[in-house]
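In this note's numbering, the protein residues as written are -3 to 247.
Note that the Cβ used here is the ideal one computed from N, Cα and C, for glycine as well.
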Amino acid sequence: MVNTQLRLTVHWKGRVPLEYVSWRCYPNKEVLLQPRLEAKREDIWKKALLEHPSAYDGSLLVLDELQVSSTGVHLDLSTIRFSRVVTLDSLGLGLSGYGCLGCQIILLSPDRQSILIGERAGDSMYCPLFLSVPGGMLEAKDAEGPLEKACSRELTEEAAVGVTSEKHLLAVLGELHGRLGVILLIEMIAQEKPVLGMPVHGNEEWTHSQLSWYPVDELDGLDLSQTLEGVFFAADERCIYRETGSSILWP
């Protein structure tokens, strides 16, 4: 394991092709707050908008149940407005179930020796300037289609890299730097061999709107306290690989 005081909360770890991962959203199960908290929500949200004018009060997915069987993985979901998540976070409160659902994509080079990483923009609402793999929060509308489509959309929006059809769910992780999130960690493989040091065009979520390929054997040299779950997980798995000869990411 990596040498840091931070530790991932692993709800599940394995290697399941995305076509064997199903989900179902129950829109009538929208998460509401207690009346005393709802009374504070408008003011808290207004303050958040002053700091981040582009913030959107969308309907996000919440992971209520995780079911693992011999045939695959199933996720039962409800929804919550983003303003309610912001309210809970600002008051230091948690969320029932596993948490607000996001995905992060560990994108590896064809030889699995490089990983795509970017630095989050300085004006980001969440963990600015932290190192991360592509990904983001999942919305209620994402659950209208398969998980693979939602994850591919996240990657397409954030990084201009083509990928193969080989896609796996690797883990369900608790949030490293908060108490409200739960992360689906997805593995994808780039179609073409990358050039180390050559910037990859990204969107405004990233510093200078770019990401870069990073050697996997140098991951544990990063300040992992300033990374999100995907980078931390990859660094941890690389340590496991060096110690044992195999891991989820390097089978």
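Quiz item: Can you tell me whether DSSP reads Glu61 as helix, strand or coil?
Solution: Counting from 1 along the sequence shown, the entry for residue 61 is found at position 65. Secondary structure at Glu61: strand, using DSSP grouped into helix, strand and coil.
Practice problem: Give the secondary structure of Tyr52 by DSSP, where H, G and I count as helix, E and B as strand, and everything else as coil. | Solution: Reading the sequence shown from its first residue, position 56 is the one you call residue 52. Here Tyr52 sits in coil by DSSP.
Quiz prompt | Cutoff 8 Å: Leu166 Cβ touching any chain D Cβ | solution = No chain D is part of this structure, which consists of one protein chain only.
Quiz item: Can you check whether the CB of Ala35 is closer than 8 Å to the CB of Ala44?
Solution: Taking the first residue of the sequence shown as position 1, residue 44 is located at position 48. Taking the first residue of the sequence shown as position 1, residue 35 is located at position 39. No, they are not a contact pair.
Quiz prompt | Of the listed residues Ile76, Glu239 and Leu71, nearest to Leu29 (C-alpha basis) | solution = On the sequence shown, position 33 is the one that residue 29 refers to. With distances taken between Cα atoms, Leu29 lies closest to Ile76.
Quiz prompt | Residue range of the unbroken beta strand (DSSP E) whose run includes Gly114 | solution = Counting from 1 along the sequence shown, the entry for residue 114 is found at position 118. Per DSSP, Gly114 is one residue of the beta strand (DSSP E) stretching across Ser110 to Arg116.
Practice problem: Could you tell me the boundaries of the beta strand (DSSP E) in which Ser221 lies? | Solution: Residue 221 sits at position 225 when you count from the first residue of the sequence shown. Premise fails: Ser221 is in no beta strand (DSSP E) and is neither H nor E.
Quiz item: If you pair each beta-carbon of the segment 212 to 232 with each one of the segment 194 to 201, do three or more pairs fall below 8 Å?
Solution: Three or more beta-carbon pairs separated by less than 8 Å are not found between the segment 212 to 232 and the segment 194 to 201, which leaves the two stretches without contact.
Self-check item: the segment 170 to 182 / the segment 83 to 96 touching (three or more Cβ pairs under 8 Å)
Solution: Put simply, the segment 170 to 182 touches the segment 83 to 96. At least three CB pairs are less than 8 Å apart.
Exercise. Look at the alpha carbon of Gly68 and the alpha carbon of His204, and state the distance between them as a whole number of angstroms.
Key: As a first step, residue 68 is located in the sequence shown; it is residue number 72 there, counting from the start. As a first step, residue 204 is located in the sequence shown; it is residue number 208 there, counting from the start. Distance between Gly68 and His204, taken at the CA atoms: about 39 Å.
Practice problem: For Glu61, collect the residues of the same chain with a Cβ closer than 7 Å to its Cβ; drop the 5 residues on either side in sequence, then sort them by chain order. | Solution: Along the sequence shown, one-based indexing puts residue 61 at 65. Answer for Glu61: Asp72, listed in chain order.
Quiz item: Roughly how many angstroms lie between the CA atoms of Gly132 and Glu239, to the nearest whole one?
Solution: Counted from its first residue, the sequence shown places residue 132 at position 136. Counted from its first residue, the sequence shown places residue 239 at position 243. Cα to Cα, the separation comes out at about 31 Å.
Quiz item: Got a sec? Which residues, its chain only, sit under 7 Å from Val17 by beta carbon, not counting five neighbours each side?
Solution: For the purposes of this step, residue 17 is identified with residue 21 of the sequence shown, where counting begins at 1. So the list reads Gly68, Val69, Leu143 and Leu165, once near-sequence residues are dropped.
Quiz item: What are the boundary residues of the alpha helix (DSSP H) that includes Glu154?
Solution: Against the sequence shown, residue 154 aligns to sequence position 158. That run of the alpha helix (DSSP H) goes Leu143 to Glu154.
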